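Protein chains: 2
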Amino acid sequence: MKQFALKGNILFTPNKDEIKFFPNAYVICRRDTCCGIYMTLPDELRNINVIDYGDSLIVPGMTDLHIHAPQYSFRGMGMDCELLDWLNKYAFTEEAKYADTDYAARAYGIFADSMKRSATTRAVIFGTVHREATLILMDLMESAGIVSYVGKVNMDRNAPDDLRESSAAETLKFIRDSAQRKYHLTMPIITPRFIPGCSNSLLDELSEIRRAYDLPVQSHLSENPGEVELVKELMPEAEFYGDAYDRYGLFGREAKTVMAHCVYSSDSETKRIRKNGVWVAHCPNSNMNLASGIAPIRKYIDAGIRVGLGSDVAGGQTESIFRAITDAIQVSKLYWRYIDSSAKPLSFAESFYLATKGGGSFFGNAGSFEQGYEFDALVIDDSIIPHPQMLSLPERLERAIYIGLDKNGITAKYVRGKKIYAKITE
Amino acid sequence: MKQFALKGNILFTPNKDEIKFFPNAYVICRRDTCCGIYMTLPDELRNINVIDYGDSLIVPGMTDLHIHAPQYSFRGMGMDCELLDWLNKYAFTEEAKYADTDYAARAYGIFADSMKRSATTRAVIFGTVHREATLILMDLMESAGIVSYVGKVNMDRNAPDDLRESSAAETLKFIRDSAQRKYHLTMPIITPRFIPGCSNSLLDELSEIRRAYDLPVQSHLSENPGEVELVKELMPEAEFYGDAYDRYGLFGREAKTVMAHCVYSSDSETKRIRKNGVWVAHCPNSNMNLASGIAPIRKYIDAGIRVGLGSDVAGGQTESIFRAITDAIQVSKLYWRYIDSSAKPLSFAESFYLATKGGGSFFGNAGSFEQGYEFDALVIDDSIIPHPQMLSLPERLERAIYIGLDKNGITAKYVRGKKIYAKITE
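Protein chains in written order, with my numbering: chain A, 3 to 428; chain B, 3 to 428.
See the structure below:
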């Protein structure tokens with residue numbers, strides 16, 4: 003049976019309040035699963051293959067709970083409007099190009115390569131409405147070695163003609179096509195864009211398909227005040243935005259669901275999120291760029307809601323989950339200062355937890371080095387950042403994340419026990 | 003007379019509302035000064051030495067109006083408290099080490115090297131209370147090739163014993179010592195830490211020295227509610243925080259002055275800032291990390307106040323002024339959303355302007371490629387970031403800044419016409 007050990011400084015957050023760290027230790031992988039941490043190898047493991055990363059930091063892989071692959075091409079551009087205008091001006095214009103499979107292959111090739119070199123080991127991804135392009139995206143994510151859910155987007159209203167469908171027929175075909183490709187790492191997910199983009203009849207069809215194939219769901223929820231108002235107009239019978247999904251069985255319960263943003267979720271919506279076991283993808287960078295606001299993450303955590311982080315490229319400017327960790331802390335401080343002084347800012351440990359075990363839970367046991375967790379790991383060489391003083395391991399981790407060492411400090415990345423990336427160090 | 007041209011895609015903001023751009027053009031430097039931009043070289047310049055940067059972007063150098071050199075060692079760490087606690091827990095603890103000149107040389111060596119490789123061509127820098135360490139810092143900044151003001155900090159109260167002075171005597175000696183070193187790029191600046199740290203008699207002495215040597219001033223202003231309250235207690239006779247400096251001639255007028263933060267400046271304080279011609283160093287990253295808040299930059303710009311950007315390391319986690327540009331935009335959106343819906347968010351052009359010509363004005367004519375400006379330039383190779391679509395030059399610039407290409411995309415940097423850094427491209 004294939005097994006090995008990584009040796010280095012091991013850090014992870016088994017719970018949100020604690021960074022556990024083991025200097026110069028071994029973390030064991032058997033097949034694709036984490037089998038414990040040892041300070042010295044026990045006898046039965048003394049012949050194990052040890053990959054020694056010296057003084058590097060070894061942390062669990064990170065989950066991006068919300069990213070739009072077709073928007074990666076225009077990340078960091080067009081940051082001059084709010085959500086609904088931004089969709090029309092930038093997002094839809096770019097997404098229409100993915101009708102062309104050559105363009106899709108080129109653009110998604112760049113995306114998949116960047117994901118491979120990022121801190122992300124698992125991702126929940128929006129494609130476009132195009133079936134073929136989305137299958138190309140799935141092929142590329144499979145090759146990149148990242149575990150992912152990938153969705154063909156659905157829209158049948160409030161979208162340009164070339165992005166508007168008349169039914170969910172293509173989605174059904176997409177689900178069947180993707181099953182035939184027998185991916186190991188890549189899974190389809192039902193992806194209504196958001197309520198403003200989906201008629202009741204489309205939601206109904208998606209609900210059918212979801213149930214028939216027992217698929218998970220991703221969408222957007224209560225991101226922007228204008229959007230929330232629009233949903234009220236479009237589906238007056240819904241008690242609140244999230245109820246619009248729930249009426250169609252697309253909001254947790256038996257359907258594993260992740261909703262991005264939840265900046266403006268009412269108390270009733272928050273309760274339903276918790277009751278239905280919906281994951282919240284917190285996307286602080288995007289929520290700043292689109293002037294959406296700040297999601298009340300402290301409240302969600304205290305309520306026991308499942309929360310992870312999302313880059314939300316290209317509302318977010320970067321795929322960096324390191325960046326999402328620090329953005330989440332920073333906006334939580336502004337939330338505390340200006341909106342609710344009873345909402346304690348997120349600690350570093352908490353935000354690191356959201357990026358690893360928090361978001362990872364959408365994939366089952368992922369994002370931790372506890373026994374039985376799938377073995378996703380990042381090796382970070384922070385020796386490239388000199389310092390004059392002694393630093394503890396938690397200090398080194400905090401510094402690596404704040405400085406954004408995922409850009410040039412990740413020297414190896416493991417997903418389900420397989421090394422998918424190793425940097426040629428200069 | 004020494005002259006040369008840089009060839010490439012030239013972009014700059016002669017005013018805050020406009021990004022001027024010249025594809026494949028020449029910007030001329032004569033001795034240390036910018037002498038115009040040409041699409042084709044005129045006859046009298048046809049023999050000029052042309053350094054061809056191909057398809058790279060060429061932009062003016064950036065000014066960091068507020069950075070603490072001794073805090074660079076702990077940037078990105080200890081982000082768990084507000085200003086006054088943070089000073090005692092982290093800043094003062096680290097700064098005390100600079101009594102040891104060996105430590106100072108090592109730590110400041112790392113700092114100066116990072117500044118050299120950053121987007122910053124000009125900086126206004128805090129040292130510590132230690133004269134010798136601060137002179138070492140000046141030596142290193144001179145060698146790094148950055149134009150800078152460097153201040154020996156003054157504190158005689160509300161500080162640990164080993165950082166508390168009894169008079170400004172060491173500052174007088176510091177000013178004299180620095181004059182003897184005959185720096186070309188490096189200048190001293192009067193640096194009362196902040197009102198909570200300086201008694202009236204210390205301010206009085208500093209005022210004397212400032213006047214005698216005609217020196218500029220840097221300090222902190224209205225960063226945090228607790229700090230503002232403390233100033234009211236400590237100097238009840240002052241009309242507002244800024245008036246405490248103004249009473250001692252340390253707040254603009256004949257004393258060129260930059261004040262960091264101004265998050266909580268009252269209307270009277272804002273008026274005085276404008277009337278006295280004080281520069282505001284906007285430090286959005288630090289203001290998030292220390293949960294200080296969001297400075298009303300739109301209001302300051304509209305009032306005609308001089309504004310530039312500061313990294314405020316280590317309240318800020320990074321020396322990146324690219325990052326400060328995007329942080330300033332992002333927090334201005336949250337300010338608009340939550341605090342004042344009449345305060346339009348900053349545009350990209352505006353924030354880029356603050357980082358270049360806005361802050362550069364503290365040094366005279368700096369931060370632009372207009373005729374007569376000192377020649378500071380960055381060459382950015384954004385070809386390392388692939389994209390599937392055509393991009394305009396302003397789009398490429400926005401992307402480079404948002405993605406943070408100062409980390410690995412700056413291939414050459416010029417200060418006052420001299421190349422101080424060239425990356426060995428792999």
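Just so you know, even glycine gets a beta-carbon here, dropped at the ideal spot from N, CA and C. Keep in mind it's a predicted model, so treat the numbers as computed, not measured.
Cβ-based burial, residue i [other Cβ within 10 Å; buried from 16]
i	result
residue 130 of chain A	buried
residue 215 of chain A	exposed
residue 20 of chain B	exposed
residue 391 of chain A	exposed
residue 319 of chain B	buried
residue 186 of chain A	exposed
residue 408 of chain B	buried
residue 418 of chain B	buried
residue 424 of chain B	exposed
residue 386 of chain B	exposed
residue 51 of chain B	exposed
residue 182 of chain B	exposed
residue 373 of chain B	exposed
residue 91 of chain A	exposed
residue 370 of chain A	buried
residue 270 of chain A	exposed
residue 209 of chain A	buried
Chain-ordered chain A contacts of residue i [CB-CB under 7 Å]
i	result
residue 97 of chain B	Neighbours of residue 97 of chain B on chain A: none; closest Cβ ~12 Å, over 7 Å.
residue 335 of chain B	290, 293
residue 108 of chain B	390
residue 78 of chain B	400, 401, 404, 405
Per DSSP, cross-strand counterpart(s) of residue i
i	result
residue 36 of chain A	A:31
residue 54 of chain B	B:9
residue 102 of chain B	DSSP lists no partner for residue 102 of chain B.
residue 263 of chain B	B:223
residue 284 of chain A	A:311
residue 122 of chain A	A:64
residue 131 of chain A	Residue 131 of chain A pairs with nothing; no bridge assigned.
residue 20 of chain B	B:17
residue 438 of chain A	Nothing can be reported for residue 438 of chain A: it is not among the residues displayed for chain A, which extend from 3 to 428.
residue 376 of chain A	A:35
Within chain B, partners of residue i - CB distance below 8 Å
i	result
residue 413 of chain A	What residue 413 of chain A touches in chain B: nothing, since even the nearest Cβ is about 16 Å away.
residue 25 of chain A	Those within 8 Å of residue 25 of chain A in chain B number zero; the least Cβ separation is about 18 Å.
residue 82 of chain A	349, 350
residue 17 of chain A	Those do not exist, as residue 17 of chain A stays about 18 Å from chain B at its closest Cβ, beyond 8 Å.
Residue i versus residue j - alpha carbon distance
i	j	result
residue 420 of chain B	residue 406 of chain B	24 Å
residue 139 of chain B	residue 75 of chain B	14 Å
residue 18 of chain A	residue 165 of chain A	41 Å
residue 161 of chain B	residue 106 of chain B	20 Å
residue 170 of chain A	residue 134 of chain A	14 Å
residue 347 of chain B	residue 87 of chain A	16 Å
residue 204 of chain B	residue 237 of chain B	13 Å
residue 197 of chain A	residue 300 of chain A	26 Å
residue 428 of chain A	residue 426 of chain B	At residue 428 of chain A the pLDDT is 43, less than 50, meaning the model places this residue with poor confidence; the figure from the coordinates comes in the next sentence. If I take the Cα positions, the gap works out to 12 Å.
residue 357 of chain B	residue 65 of chain B	6 Å
residue 191 of chain A	residue 355 of chain B	44 Å
residue 194 of chain A	residue 233 of chain A	14 Å
residue 40 of chain A	residue 394 of chain A	19 Å
residue 85 of chain A	residue 10 of chain A	44 Å
residue 220 of chain B	residue 132 of chain B	17 Å
residue 254 of chain A	residue 279 of chain A	6 Å
Listed by chain order, chain A residues near residue i by CB distance under 9 Å
i	result
residue 88 of chain B	Ordered by position in chain A, no residue passes the 9 Å Cβ test against residue 88 of chain B, which lies about 12 Å from the chain.
residue 91 of chain B	None at all; the shortest Cβ gap to chain A is about 13 Å.
Contacts that residue i makes with chain A (C-beta to C-beta distance below 8 Å)
i	result
residue 218 of chain B	By Cβ distance, chain A contributes nothing, its closest Cβ being about 29 Å from residue 218 of chain B, past 8 Å.
residue 319 of chain B	328, 404, 405
residue 239 of chain B	Within chain A, no residue comes near residue 239 of chain B; the closest Cβ sits about 29 Å away, beyond 8 Å.
7 Å Cβ cut-off: residues of chain B touching residue i
i	result
residue 347 of chain A	293
Under 9 Å by beta carbon: chain B residues contacting residue i
i	result
residue 410 of chain A	409, 410
If you scan the stretch 152-238 of chain B from start to end, which runs of the beta strand (DSSP E) of 3 or more residues do you find wholly inside it? As for any beta strand (DSSP E) of minimum length 3 sitting wholly inside the stretch 152-238 of chain B, the runs are 188-190, 219-223, ordered along the chain.
Could I get the ranges of all uninterrupted alpha helix (DSSP H) runs contained in the stretch 317-360 of chain A, with 4 residues as the minimum, in chain order? Assignment of alpha helix (DSSP H) within the stretch 317-360 of chain A, counting only whole runs of 4 or more residues, yields 323-340, 350-355 in chain order.
What are the uninterrupted segments assigned as beta strand (DSSP E) that are 3 or more residues long and contained completely in the stretch 390-428 of chain B, given in chain order? The stretch 390-428 of chain B contains these whole beta strand (DSSP E) runs: 412-417, 420-424.
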